[in-house]
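Accompanying notes for the structure given below.
Below you can see the structure in the form of structure tokens.
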């Protein structure tokens, strides 16, 4: 617990100033807050240093399961299911990262899950996984606060992340009785961590920033980076996701009643709750996790059993980074050899490998029978050995077989009737001839694939003048109208440096409308269009759309597509059958527009347990900007089924976050993906 027992508690400003002086930072609290506000460093995406941003990207984008942006998805969407997705509280606070979590926490989490499996077998529930995730989050908080001990702003991000994540746990009284005791124990550990001196100072800074948000809104102060509307959203997020959870966590706790600092902070937060500006913001932004409906649904989901195969998938991820590094090293090695060497050097490598293998099989008894071998058997052996050596050169991504395995292969050949292999059976000229034929055949295949891909691109370009029906023209106008509609009446979901997302509802339509735009620096509009529109290319990077296929082509720019989206456990997969239309130079010259809406088609696959979702309207506008391209997007999907609309809409409004990151990665890997397609 924090070691501060004050007869006359100091003000929170004095406490934070005291902390700043303690770490040799002469900046006063007021000056610090003004700097955070003016530089927009009160948001994580701006508050992180370049090194921390690099750590953040490395940590969260290398995880393949589910949404790979947020801390909670380390376990993965497949494991946590609906409750994991909703419990994350996908807010702007979710962008926090730190280098320690990448390796240490990954191993820690793996051990936790393995231990649970060992003690409970396959009878793991969603509650077990939820507890593991919270424990790992606590460990992450400790590591980050130690690593960045002199960065009070980053520590504030860390504390806020913890409080945001544990919001469902604060309602443990709604859980089954068998879960309540463990939940209470976990809350005690969380309370102990957040009662430490560093955490309290960080919370004091959060409180002071909240007061500044209120003042900005009340006095209509304008900051260059954010409008008052956006500040209102940030204010509501801070109050709902940080201050109120802190109040719930520490209120009426006996151990904390003697702590003057915590009691002072609780008193001030209570007063803040009834502020008219805060109340107005909370009315405008309803917190889904505070609803009784959500809490009861969350409590019910905790009893669900977790599929063991989903856990196995997660445990395999523990080796993901090492495997990725090995593949990259092998690829670089082969590329370097290919760029520096020629056919002669390749033959020399093969000859060296062969000469190293020969002693393994040239035993005394083989030498004794060397003169009696059969020519026919000898030719078969030569052919097999040549094929093995050629395959070793072509398989660039696979390491060489272990020495013992090579010896066993040779001994098997000997037992099948071969007599021996002479030291000089394979001549340099024979190898060169075979390799030349192999390379020529490979080039021919690449040219065929490249020609097919290019023909498809040319057909699209030649079909720019395709006449669309009046109905389709109206749908295009509707899409553009939604994208260009003023943001008044749209709620901001996320605002980052290169990504902004809004949502709203329209009369008579229960499904949420989501729109936004993202700037993709260093990516041309041609590559961006190819990544989105070309089915072969898209299958390489988009892991959300499964079984993606074109059912029918009406023309090069009008087709019918099908795909399905894998849902969390206990929820049926959603499938989509859509008409897709590509329109160039629309809505203005130089821009490109893509339109999607649901249709029925007799060739659409039928999978058991899938629910057909309906796309009322969806699409993109692509345009070039200095140094890259900009992607505008808008969607309105009704996923059907029995899931409450409020929960579906909450999830749908945050889905573009991970998809945009995958798209950016797919565009950056253009050359690599094209090489895979053409092979």
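In full-length UniProt numbering, the protein residues as written are 1 to 679.
Backbone N, C-alpha and C define an ideal beta-carbon position, used for all residues, glycine too.
Here the structure is a predicted model, which is why all the values come from computation and not from measurement.
From what residue to what residue does the alpha helix (DSSP H) around residue i run?
i           : result
residue 248 : 244-250
residue 135 : 126-147
residue 666 : 656-668
residue 163 : 152-165
residue 214 : 197-219
residue 640 : Run containing residue 640: none; DSSP gives neither H nor E here.
Assuming the contact rule is C-beta atoms closer than 8 Å, residue i and residue j should be a hit. Round their C-beta distance to whole Å, please.
i           : j           : result
residue 630 : residue 517 : 6 Å
residue 657 : residue 494 : 6 Å
residue 231 : residue 244 : With a Cβ gap of about 18 Å, residue 231 and residue 244 do not count as contacting.
residue 677 : residue 536 : 5 Å
residue 164 : residue 210 : Not quite, the Cβ-Cβ distance comes to about 14 Å (not below 8 Å), so this is no contact.
residue 562 : residue 580 : About 11 Å separates the two Cβ atoms, so there is no contact after all.
residue 246 : residue 203 : 6 Å
residue 483 : residue 621 : 6 Å
residue 199 : residue 159 : 5 Å
Could you check what DSSP says for residue i in three-state terms: helix, strand or coil?
i           : result
residue 511 : strand
residue 627 : coil
residue 554 : coil
residue 678 : helix
residue 32  : helix
residue 236 : helix
residue 304 : coil
residue 272 : helix
residue 190 : helix
residue 622 : strand
residue 549 : strand
residue 633 : strand
residue 542 : coil
residue 176 : coil
Would you report the Cα separation of residue i and residue j, rounded to the nearest angstrom?
i           : j           : result
residue 206 : residue 279 : 18 Å
residue 250 : residue 256 : 7 Å
residue 572 : residue 608 : 10 Å
residue 141 : residue 135 : 10 Å
residue 540 : residue 661 : 14 Å
residue 636 : residue 260 : 51 Å
residue 149 : residue 564 : 46 Å
residue 32  : residue 274 : 27 Å
residue 268 : residue 188 : 23 Å
residue 549 : residue 252 : 58 Å
residue 605 : residue 146 : 53 Å
residue 73  : residue 133 : Its pLDDT being 36, under 50, residue 73 is placed unreliably in this model, and the value from its coordinates should be taken loosely. One C-alpha to the other measures close to 9 Å.
residue 515 : residue 666 : 21 Å
residue 178 : residue 655 : 34 Å
residue 127 : residue 175 : 10 Å
residue 670 : residue 544 : 19 Å
residue 612 : residue 503 : 23 Å
residue 698 : residue 594 : There is no way to answer for residue 698, as the model of the chain reaches only from 1 to 679.
residue 530 : residue 509 : 32 Å
residue 576 : residue 183 : 40 Å
residue 201 : residue 152 : 8 Å
residue 282 : residue 590 : 42 Å
residue 480 : residue 234 : 29 Å
residue 652 : residue 298 : 18 Å
residue 180 : residue 254 : 19 Å
residue 262 : residue 240 : 19 Å
residue 43  : residue 196 : 23 Å
Would the C-beta of residue i count as close to the ligand GDP, meaning under 8 Å from any of its heavy atoms?
i           : result
residue 208 : Summarising the ligand content, the structure contains no ligands, and the ligand GDP is consequently not present.
Would a check of beta-carbon distances place residue i closer than 9 Å to chain C?
i           : result
residue 663 : Of the protein chains in the structure, only one exists, and it is not chain C.
Give, in chain order, every unbroken run of the alpha helix (DSSP H) that is at least 4 residues long and sits entirely within the segment 566-620. none
Would you list, in sequence order, the uninterrupted beta strand (DSSP E) runs of no fewer than 3 residues that lie entirely inside the segment 473-529? 491-495, 499-506, 509-521
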